[in-house]
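Asker:
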Ligand code: SF4
Ligand code: SF4
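Residue numbers (my numbering): 2 to 344.
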């Protein structure tokens, strides 16, 4: 496990070009330079060379981050921004929340189900879908002809990683990686889980084939499933920050009868929820989700579809504050399972 000091050279590579500011949803809203990577790195570099202490104030700015990774995509210095922020959180929280992390781990893994067979398609369910078992109903309806294997996975570890619980994260990663063998696809229906599984090789000795880590939408598009709806329906789509490729969505829409897709403005801007960010920075979270809700309302859609359970909560939050009660927020699977015919 790397410590913060080992990132000193990476932090020095930050040229203060400010490109991350043009991508960061928090900077756009607050205009606060400490809240974006540029400012966070100036502070963390000060910590690595001993000029600053990793204080409560710096931790406040580490928490003021959606972990959306948009700055990462823009950074010309190719710095792994999220790994540095996660390591800084770990160093700040080290030993403080050991008991909390271990209890949290026990609670979220309590709901795990174990459905093993020899299928070459592995399903990584994710914690939220363990708590809302209706997902099984949608999977059964859409993938009735598919054999799917569900090993005894634990949480992907994202809640630990983003809160500085690196030791617990590594435990989860080691456990899960044992089951990530012999497959054609590893399928998730949570963009955050998928992006976290892809982070494992940075923290443990583990090789994976990125192309084989897909979501249900990719699998539907690859298998060419078609859907026909009884009545005309208008939909829009929110792209989760952690979803790297959403090309499956348009492919699926082309195979849906009676469905009109209307693209919303800024369809890939953050919903504002982002796990514990929404709790620690409630006002910012509310403002981001309301902006998102306004874009949804402008489309006149009946449904807003997404592929991340955490985004579903963010979208619901925004629509609640804007009093747009008629628009339903659903996962892609829930929406497609409403089709009269699937073939
Ligand atoms: S991860 Fe997102 S919210 Fe955090 S600094 Fe980067 S762009 Fe801003
Ligand atoms: S884009 Fe990268 S190099 Fe430029 S200021 Fe942001 S973190 Fe530094």
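Note that beta-carbon positions come from the ideal geometry of N, C-alpha and C, so glycine has one too.
These numbers were taken from a predicted model, which means no experiment stands behind them.
(1) Is residue 80 near ligand 2, with its Cβ less than 7 Å from a heavy atom?
(2) Report whether the distance from the Cβ of residue 39 to the nearest heavy atom of ligand 2 is below 7 Å.
(3) Given this structure, state the Cα-to-Cα distance separating residue 78 from residue 16, to the nearest angstrom.
(4) Taking 7 Å as the line, does the beta carbon of residue 272 fall inside it for any heavy atom of ligand 1?
(5) Below 7 Å, is the gap between the Cβ of residue 319 and the nearest heavy atom of ligand 2?
(6) For residue 94, which residues of its own chain have a beta-carbon under 6 Å away from its beta-carbon, when the five flanking residues on both sides are left out?
(7) Quick check on the burial criterion: 16 or more other C-beta atoms within 10 angstroms. Buried or exposed for residue 44?
(8) Using CA atoms only, rank isn't needed, just tell me which of 308, 50, 235, 237 is closest to residue 244.
(9) Cβ of residue 1 versus every heavy atom of ligand 2: is any distance shorter than 7 Å?
(10) Is the distance from the Cβ of residue 261 to the Cβ of residue 233 below 8 Å?
(11) Can you tell which of 294, 310, 343, 334 has its C-alpha closest to the C-alpha of residue 326?
(12) In whole angstroms, give me the CA-to-CA distance for residue 146 and residue 231.
(13) For residue 37, write down the residues that DSSP places opposite it in a beta bridge.
(14) Would you say residue 319 and residue 272 are within 8 Å of each other, going by their C-beta atoms?
(15) If we ignore side chains and look at the alpha-carbon of each, how far apart do residue 334 and residue 126 end up?
(16) Would you check if the region 196-205 and the region 278-296 touch, i.e. whether three or more CB-CB distances between them fall below 8 Å?
Answerer: In short, the structure shows the following:
(1) Correct: residue 80 has its Cβ closer than 7 Å to ligand 2.
(2) At least one heavy atom of ligand 2 sits closer than 7 Å to the Cβ of residue 39.
(3) Cα to Cα, the separation comes out at about 7 Å.
(4) Checking every heavy atom of ligand 1 against the Cβ of residue 272, none is found closer than 7 Å.
(5) False, no ligand heavy atom lies under 7 Å from that Cβ.
(6) Cβ within range, chain order: 165.
(7) That one is buried.
(8) Among 308, 50, 235, 237, the Cα nearest to that of residue 244 is on 308.
(9) This structure gives no information on residue 1, because the portion of the chain shown stretches from 2 to 344.
(10) Taking C-beta atoms as the reference points, residue 261 and residue 233 count as a pair closer than 8 Å.
(11) A check of alpha carbon separations from residue 326 across 294, 310, 343, 334 identifies 294 as the nearest.
(12) For residue 146 and residue 231, the distance between alpha carbons rounds to 22 Å.
(13) Residue pairing by DSSP places residue 37 opposite no residue, since no beta bridge is assigned to it.
(14) A contact, by the Cβ cut-off of 8 Å.
(15) One C-alpha to the other measures close to 13 Å.
(16) Taking 8 Å as the limit for Cβ pairs, the verdict is that the region 196-205 does not touch the region 278-296.
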